[in-house]
Structures are given as C-alpha cells and as structure tokens.
Amino acid sequence: MEGFPELLQNKLCMWTFMLLVFCFSSSCCLNFGKSIIGREGDDSNRRDICTFYCCGMFPFLARLADSDGILVPRGMRKLKALHTLGVVNIAHGKAILQEIKRLTRLRKLAVTGINKKNCQEFCSTLFPLSCLESLLVDSREEGGLHGCLDGLHSPPKTLRSLKLRGALIELPEWVAGLQNHVKLRLEGTKLAEVDGTVEMLGNLPNLANLRLLNWSFLTEQRHLTFHRGAFPSLTTLELGMGHLF
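Be aware that the sequence shown starts at 897, since it is given in our numbering, and climbs by one per residue.
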C-alpha cells in the first residue's frame, strides 16, 4: 500500500473508490449483464444486476474485508436501557465516545480503534459506566495499547471480565485492584515482564478464568512459575496454541 496516495491507504476510502469505479463503469455493467442474461435488449435486467452488485454485494464484501468494528450512529445515547454494545470502532472521532458515555446502564462493551489520540477520552468515558461488567479493548495500531489504559485509575467496581488485544508491554497498575474480577484474557499484549505479571494476577482473589493467548508475552523467558497460594479461585487456564512468547 506504500505506493498509493495517503487517502487511498484508508480502507473506507479504498472501498468507496472501488465502488464508484465499478458503479460508473457502464461497459462493465453492460458486459456483465450480457453474460448473465444472454440478451442484448433487456436494459432493465442489466440495471437491476448492476444495482444489486453496487448497492448490495460491494458493501457486504467491504464489511467482510474490514473487521475493525462498527461506527456508532448518532443518537445512540438515547438508548438509555442498552446493556450490550460492540464491537465499536472509536478511531473515527471523539463524538462516538460522547455517545457511549451516556449509556450508563451498559454491562458489556467491546471497542477497537483505541490509540494515543483518543485513549485519554476513552478512559474518561468508562467512569460513568457504573454497571459495566465486561470490557473488551482491541487495538490494531502500530503502538498497540502501550500506555493507552494508564489513565483508567479507577475502573468500574462491577467489572468482572476483561479482554485485552494489542501490545501493552506492561499491565496497567489498576489491574492489581480488580478484586471482583473473574475472567481475564490477554492476546498480543507482548508483556515484557513474566514473573511480575503472573504474581500480580495470582493475587486477584476471585480470578477464575485466565486465558494467555498468542504473544501474551514478548521476552526471552520461556516458562511460567506459579507459587503456592497464588490464584486461589482459578478453575480455567488456557495457554495459546501458537506462541505464548
């Protein structure tokens, strides 16, 4: 993609560009219609085929190609009783976060697109969500989640499930205070400290489900040490099928 103009390196712009080229190319539509219908004069059927591919198939394929979450429509804040929301892409402006902040009854939230520009706003968004029980945070940015969650000094006390995907390098200090936490999943976090991380997690009194998936750690150390008395409530431990380190 390095040879493309900067605007076209954006997935949304790329698919929009391709869609416009396809839809406004009359020869493409006509030739495609001929091959399917087999008649020269049925312009209405050809037009229907073009409409189907331009307005139906292309947006569908574009969504399949872009797995980076959805955009929250304006007015989402009016859904006061909403319990579950995800996966929301917050990389397209801080207005999305303002919508989420008003959903004070949310119990499950999954977001992607967190980066250095919006991480502080994202952390402040979580403060009003006093009912939040499950949180998934995903980042496809080059810097991942490194430093992006440090601003969340006091996560919701109701939080019981946390899933983090993206390079963290080190766990935020507030993780050690998740006394009611039951489930934790780390994937691609590339944590630099093994023993310290395991010790921190081992002190969580109610942690019952721990999943350390691909590239949870990025270090030369190749083993995990579990000390006596650690993980008093752990019932499920899943280690990545690929590279744990």
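Where is the CB? At the ideal position from N, CA and C, for every residue including glycine. Since the structure is predicted, the reported quantities are computational estimates derived from the model, not experimental observations.
Using 7 Å as the cut-off, classify the Cβ of residue 1129 as near or not near the heavy atoms of the ligand SAM, replying yes or no. The ligand content of the structure shown is nil, which means the ligand SAM is not present either.
The segment 1012-1031 touching the segment 1049-1056, judged by at least three CB pairs closer than 8 Å: These segments touch.
Where residue 966 falls: helix, strand or coil (DSSP): Annotated three-state conformation of residue 966 is strand, per DSSP.
If I follow the unbroken beta strand (DSSP E) through residue 993, where does it start and stop? Boundaries for residue 993: no beta strand (DSSP E) harbours it, while the alpha helix (DSSP H) harbouring it runs 991-997, taken from the DSSP string.
Residue span of the beta strand (DSSP E) that contains residue 1134, given as start and end: Per DSSP, the unbroken beta strand (DSSP E) holding residue 1134 starts and ends at 1132-1135.
What is the DSSP secondary structure of residue 1072, reduced to helix, strand or coil? Note: residue 1072 maps to helix in three-state DSSP.
For the beta strand (DSSP E) containing residue 1097, list its first residue and its last residue. Where residue 1097 is concerned, there is no enclosing beta strand (DSSP E), although the alpha helix (DSSP H) it sits in stretches over 1091-1098.
So, are the CB atoms of residue 981 and residue 1005 less than 8 Å apart? Between residue 981 and residue 1005, the C-beta gap is smaller than 8 Å, which places the two residues in contact.
Got a sec? Which residues, its chain only, sit under 8 Å from residue 988 by beta carbon, not counting five neighbours each side? Spatial neighbours of residue 988 in its own chain (CB-CB distance under 8 Å, excluding positions within 5 residues in sequence) are listed in chain order as 967 and 1009.
Evaluate residue 1191 with the Cβ neighbour count: other Cβ atoms within 10 Å of its Cβ, from every protein chain shown; 16 or more gives buried, anything less gives exposed. The chain is shown only over 897 to 1141; residue 1191 falls outside these bounds and no answer can be derived.
Identified DSSP bridge partners for residue 1057: For residue 1057, which the question treats as bridged, DSSP gives the partners 1030 and 1079.
Could you spell out the range, first to last residue, of the alpha helix (DSSP H) harbouring residue 1106? Per DSSP, residue 1106 belongs to no alpha helix (DSSP H); it is in the beta strand (DSSP E), 1105-1108.
What are the start and end residues of the alpha helix (DSSP H) that includes residue 1021? In the DSSP assignment, residue 1021 falls within the unbroken alpha helix (DSSP H) covering 1015-1022.
Short of 7 Å in beta carbon distance, which residues of its chain neighbour residue 1066, apart from the five on each side in sequence? Order them along the chain. Taken in chain order, the residues that qualify are 1087, 1088 and 1089.
Just how far apart, CA to CA, sit residue 1073 and residue 1099? Computed Cα separation, rounded: 9 Å.
Thinking just about the alpha-carbon of each residue, which of 1116, 1069, 1083 and 1111 is nearest to the one in residue 1095? Answer by Cα proximity: 1069.
Alpha carbon of residue 1136 to alpha carbon of residue 1112, nearest angstrom: Their Cα atoms are separated by approximately 8 Å.
Which of the three DSSP states is assigned to residue 1004 in this structure? Note: residue 1004 maps to strand in three-state DSSP.
What separation, rounded to the nearest whole angstrom, lies between the Cα atoms of residue 1075 and residue 1000? Cα atoms of residue 1075 and residue 1000: separation of roughly 22 Å, rounded to the nearest angstrom.
Classification of residue 1143 by the beta-carbon crowding that lies within 10 angstroms, buried from 16 upward: This structure cannot settle anything about residue 1143, because the visible part of the chain is limited to 897 through 1141.
Going straight from the alpha carbon of residue 1045 to that of residue 1014, what length do you get? Approximately 11 Å between the Cα atoms of the pair.
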